[in-house]
Amino acid sequence: MISFPEAFKLLLQHAPALAFERCHIEHAAGRVLREDVHADRDFPPFDRVMMDGYAMRLSDFQDTRTFRLCGIAPAGRAAIVLSETKGSCIEVMTGAPLPSGADCIVPIEEISEQEAGNVLVAESFEPVAGQFIHPVGSDAREGDLLLKAGVRLGSREIGVAASCGLAWLKISALPEIAVIATGDELVAVDEVPAAHQIRQSNAHAILCALQRAGYPVARADTMGDDASSDFLRERIATCDWLILTGAVSKGARDFIPAMLDDLGCTRIFHGVAQRPGKPAGCWIGPKGQVIMALPGNPVSAITGLHAFVLPALAVASGLPIPRQRLLIPHERIDGLAGMTRHLPVVIGDDGRARAAATGNSGDFIGLLKSDGFITLPPRGDAVSAFPFTPWL
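The following block contains the structure:
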């Protein structure tokens, strides 16, 4: 049995990076960028007017506050030239290029009168050179690095990529993920279970969390305790990641470890000093497939998914190891002797973590009373704040 940090490190070391593909920007939301994005021009590419109003020369204010209108500059038109005649102005719209020769903008709200082609600037307004003007190249210069490979594409990143003319983006391919829940006691959700049976819930909970994290699942199955190894071999051959729940401990019916070994999978670890989820294990398939075997107890399964699988998938996609929010407990919470503890908690109005009133590792209904879990190091390690993982 190894420590939780050691097990997680081994998983990251053995999980291969995902391949990449090209994706149209309209379908790239939530995907992981695998190329740097540089500015293809200055941003903004021209001196941009920031307010509806009038473009003028600051020096003209020494002689007058009445200006003669000599043109209109809407957004989407090339820059026009402000007449050299003193007291000239051009009406401008937000987003328009600043007329050549102008150096200040008077907002339309600061015009006290307009008639017969003249505008009168309010006495209370003091113009400033450059005010309400977004200078060319002030946000970025051509060639500047705007996005680094290894970011998840959200609305801000997509907007920047589009502004740089990237209709197609190099992104991480989505992994083929299979989920198998084991156990003769499992029946389908729409079946009426006998007294000794339970409806399948682990696979559906895992499917939900994976989908919310941005990973579609190829298929989900149930596997009986007497199933042929051919079934497992076929699933391993057709996926990049396989998530198993149940039959992973050391009981007489816990067949998964031996079956994976017999199928030629390489055991990375089996048994982690953590609670819940002590029997968890990881194998690597013949072609580099990552196989994560989690206990069948629902709390252990969903906790193991969040603690191991989701962050490892993020790293395999090209993202850095996810930074976790640190929470200070409302009251003293002790770790376990020689074990990492993943403790379900509720976040109070004060932002502090309180242990949730949950039951044992089979009490999946009790998880409804929690917001996520904090990870506590073994008892004796002095820590004042703990990493928090929210449920997906």
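Count along the sequence shown starting at 1, add 2, and that's the number in the working numbering. Cβ coordinates follow ideal geometry from the N, Cα and C atoms, glycine included.
Collapsed DSSP secondary structure at residue i in the structure displayed
| i | result |
| --- | --- |
| residue 311 | helix |
| residue 27 | helix |
| residue 223 | strand |
| residue 172 | strand |
| residue 160 | helix |
| residue 142 | strand |
| residue 191 | coil |
| residue 318 | helix |
Terminal residues of the alpha helix (DSSP H) in which residue i lies
| i | result |
| --- | --- |
| residue 305 | 300-306 |
| residue 210 | 204-214 |
| residue 369 | Element bounds for residue 369: n/a, residue is neither H nor E. |
| residue 15 | 6-16 |
| residue 237 | 231-239 |
| residue 258 | 258-264 |
Anticipated Cβ contact below 8 angstroms, residue i with residue j, distance rounded
| i | j | result |
| --- | --- | --- |
| residue 52 | residue 96 | 6 angstroms |
| residue 337 | residue 379 | 6 angstroms |
| residue 148 | residue 40 | 6 angstroms |
| residue 347 | residue 373 | 7 angstroms |
| residue 309 | residue 335 | Wrong, their Cβ atoms sit about 17 angstroms apart, outside the cutoff. |
| residue 122 | residue 115 | 4 angstroms |
| residue 363 | residue 301 | 4 angstroms |
| residue 27 | residue 190 | Going by Cβ atoms, the distance from residue 27 to residue 190 rounds to 40 angstroms, so no, they are not a contact pair. |
| residue 6 | residue 275 | 6 angstroms |
| residue 46 | residue 192 | Between residue 192 and residue 46 the Cβ distance is about 57 angstroms, and since that is not below 8 angstroms, they are no contact. |
| residue 24 | residue 170 | 5 angstroms |
| residue 271 | residue 4 | 5 angstroms |
Proximity below 7 angstroms, CB of residue i to CB of residue j
| i | j | result |
| --- | --- | --- |
| residue 355 | residue 376 | yes |
| residue 71 | residue 155 | no |
| residue 211 | residue 20 | no |
| residue 237 | residue 180 | yes |
| residue 287 | residue 267 | yes |
| residue 152 | residue 320 | yes |
| residue 2 | residue 22 | Residue 2 is absent from the model: the chain starts at 3 and stops at 394. |
| residue 186 | residue 232 | no |
| residue 103 | residue 66 | no |
| residue 44 | residue 144 | yes |
| residue 295 | residue 330 | no |
| residue 183 | residue 202 | yes |
| residue 137 | residue 54 | no |
| residue 69 | residue 91 | yes |
| residue 324 | residue 313 | yes |
| residue 101 | residue 84 | yes |
| residue 243 | residue 317 | no |
| residue 279 | residue 240 | no |
| residue 388 | residue 327 | no |
| residue 93 | residue 56 | yes |
| residue 343 | residue 255 | no |
| residue 215 | residue 394 | yes |
| residue 208 | residue 345 | no |
Where the beta strand (DSSP E) containing residue i begins and where it ends
| i | result |
| --- | --- |
| residue 245 | 243-247 |
| residue 294 | 292-296 |
| residue 121 | 120-123 |
| residue 344 | 342-349 |
| residue 392 | 388-392 |
| residue 360 | Counting along the chain, residue 360 falls outside any beta strand (DSSP E), and DSSP gives it neither H nor E. |
| residue 271 | 268-272 |
| residue 284 | 283-286 |
| residue 182 | 179-184 |
| residue 327 | 327-329 |
| residue 148 | 147-149 |
Residue i beta carbon near the ligand MN (any heavy atom closer than 6 angstroms)
| i | result |
| --- | --- |
| residue 27 | Looking at this structure, you won't find the ligand MN or any other ligand, since it has none at all. |
- Which residue spans inside the stretch 38-117 form an unbroken beta strand (DSSP E) run of at least 3? 55-58, 68-75, 90-94, 106-109, 113-117
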